[in-house]
Structure formats: C-alpha cells, structure tokens
Amino acid sequence: MEKFTLELLFHIIGIGAASGLIYKDNSLFVIGDNSGFLYEYHIDSQDLKRHPLIENPSENILKKEKPDFEALTHFQDSLYIFGSGSTPKRNAMVEFDLAQKKKTDTKNLTNLYEVMQNFSSIKPEDFNIEGVIFEGENWYFFNRGNGISNKNTLFKLHAKKLDQEFSMTSIDYKLPKIKGVRTSFTDAVLVDNKIYFLATAEDTQSTYHDGEVLGSIIGRIDIETMKIDFTKKISDSHKFEGLTVYKNDNKTIELLLCEDKDTEILETTIYKLSLNLK
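So for the sequence shown, the working numbering puts the first residue at 1198; every next one is plus one.
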C-alpha cells in the first residue's frame, strides 16, 4: 500500500476530545475521553444528540475524575464503550442498544484488566486500552504503548461475553518511530480478515499526561498470522484516535478518523482517509 489521500470531511460542533467513532446508517456515533455522553451525529441533517453513559453526565470532566472512554466497538445492535483502565476510575464498559437508543448495562472490568496486565507483564502505570474490536466470537484489546515500557500489546480473548470464561493470547508489536518517538496504538477496526489500526507518536512517557504530538500512522494486521502487513505515516501533526469504515470496494477503502486535540473546546473534525489497496 503506497497511495493514500487524507482530507477534511466536516466539523461537528458540540463534541470535544474525540477518542472513538462508529459509522452506521449515515450517522456517526462518537465518544470523547473527557465526556460522559455518547454522541449521535446525523450527517445529512447535521443533528447532534447526546446519550448519557454515566450518572450525572457532563462534558469536560476533570481529568482525575473522568471515566476516560477511549474505545468504541459494535456488534449487531449493540455498541460497547470502554474506559482505558489507566486509573482505577477508568475501568467501566458500557453497553448501548442501538435500537432502543439507550444504555442497557455497565460492567466493571477491573478484574479483567488486572488479568490482562499480569498475563502480558504490563505494569498498571503502562496499561492504557485505546482500541477494542468485537466480532461475535473474539474480543481484541489494544494497549497503547505510550508508557515507559512502550508495550503496544494486542490481546485476543475468545468469549462471547466478557463476564464468561475465556481463553487469552497476546502479542507485542514494535511500531515505527516518528521523529525518534515510538508510535503507539490509538484505535483499530476489523475489515474482512484484516485489522486496520491507528498509532500516534506523542512525546510523553505517561499514559496519564499528554505530550507533544509528532504525527500518526495507519497500519494493517493479518488476523490469521497476526503479523503487520504494512504501516504508513499519514500525518506529521495530528493525534488520530478514532477509526471506522466508511466505504470499501476491495480496490479502495475509505476510513473516517477523528482527532483528539487535548483541549476543552467542544469541536471535532472528521477526516476521510482513502487507501489504494492495489
């Protein structure tokens, strides 16, 4: 994969610090890592709705108090929203029913996150889930390696539900550097038998404190071999944190990306990334 185009698609006023998105039925479902809402944006009408995910939800929640919703995935009529696990207050998974348009369940993933840390020898201060995929039989969790140990780890859990017994495997990836700083996973999406992932270089050694953004890459992992097919730098300045499929005709795939600008401004920019697959 050599050719790509990246273009600004539209702005959404009312959403800040976007960290995950799903495109479905000409609407975007978006989460922000400092917000207690799931946002539903209708592209044609430009209408924006807010769905509460926590009690007494608000926008621009204080850093030490926020649930830090960083990962968003969906299967059939359910959305699953995940806290990053980077502090004890960030261990929730919220299930949202797309038909009823409401939250239906909240689970505490503290025990699961501890098992993942122990299984892959990740220290709590280096644990930071930023992407999750669910395809009905397996869950894929992406640990962002922006801590001191640079543990970019992909966990695969074989289970239909996360409160059931499961088998687990994990693999560590050494992702490319940008300007001397190692990139780290920020989101991923499954397309056929390939995982497309985003990774960003941020000049920090903390899963908690932000640093200077040095750019982002797109990459692809073969789900059978779990090896990386390719990586490609797509920006020198953007911190892309959300990824969803827009169109796919097997020759070109179009992905929508959202950017976390690490500010309190309630404005989000959606980009379209087109990849030539031939």
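Heads up, the beta-carbon is just placed ideally off N, CA and C, and yes, glycines get one too.
Open item on the list: Taking 8 Å as the cut-off, is the beta-carbon of G1280 closer than that to any non-hydrogen atom of the ligand COA?
Closed with: No copy of the ligand COA appears in this structure; indeed no ligand is present at all.
Task: Residue nearest to L1235 in terms of C-alpha spacing, selected from I1420, D1419, F1266 - done: By 1-based counting over the sequence shown, the position of residue 1235 is 38. Nearest C-alpha to L1235: F1266.
Open item on the list: So if DSSP puts V1291 in a beta bridge, which residue, or which two residues, is it bridged to?
Closed with: Along the sequence shown, read from residue 1 onward, the residue named residue 1291 stands at position 94. Bridge partners of V1291: I1278, T1303.
Task: Integer Cβ distance of Y1277 from V1329, believed to fall under 8 Å - done: Within the sequence shown, numbered from 1, the residue matching residue 1277 stands at position 80. Within the sequence shown, numbered from 1, the residue matching residue 1329 stands at position 132. That pair is a contact at about 7 Å.
- [ ] Measuring alpha carbon to alpha carbon, tell me which of Y1238, G1282, F1437, S1367 ends up nearest Y1310.
- [x] In the sequence shown, the residue the question calls residue 1310 occupies position 113. Ranking Y1238, G1282, F1437, S1367 by Cα distance to Y1310 puts G1282 first.
- [ ] Whole angstroms is fine: what's the gap from K1260's alpha carbon to A1356's?
- [x] Residue mapping note: residue 1260 aligns to position 63 of the sequence shown, counting from 1. Residue mapping note: residue 1356 aligns to position 159 of the sequence shown, counting from 1. About 32 Å.
Open item on the list: I need the DSSP call for M1365, collapsed to helix, strand or coil.
Closed with: The residue you call residue 1365 lines up with position 168 of the sequence shown. M1365 falls in the strand class under three-state DSSP.
Task: As assigned by DSSP and simplified to three states, the class of E1311 - done: Residue 1311 sits at position 114 when you count from the first residue of the sequence shown. If DSSP states are grouped into helix, strand and coil, E1311 belongs with the helices.
TODO: Whole angstroms is fine: what's the gap from D1426's alpha carbon to I1375's?
DONE: Taking the first residue of the sequence shown as 1, we reach residue 1426 at position 229. Taking the first residue of the sequence shown as 1, we reach residue 1375 at position 178. Whole-angstrom Cα-Cα distance: 19 Å.
Open item on the list: Tell me whether the stretch 1202 to 1218 and the stretch 1430 to 1447 touch, counting them as touching only if at least three CB pairs, one residue from each stretch, are closer than 8 Å.
Closed with: yes
TODO: Please report how far the alpha carbon of V1350 lies from the alpha carbon of N1343, in whole angstroms.
DONE: Here residue 1350 refers to the residue found at position 153 when the sequence shown is read from its first residue. Here residue 1343 refers to the residue found at position 146 when the sequence shown is read from its first residue. Rather than Val, the amino acid found at residue 1350 in this sequence is Thr. One C-alpha to the other measures close to 11 Å.
Task: Contact check, V1386 vs L1452, beta carbons under 9 Å - done: Within the sequence shown, the letter at position 189 stands for residue 1386. Within the sequence shown, the letter at position 255 stands for residue 1452. Contact: yes.
Open item on the list: As a quick exercise: from A1268, F1363, Y1393, N1473, pick the residue whose alpha carbon is nearest that of D1457.
Closed with: On the sequence shown, residue 1457 is found 260 positions in, with the first residue counted as 1. Answer by Cα proximity: A1268.
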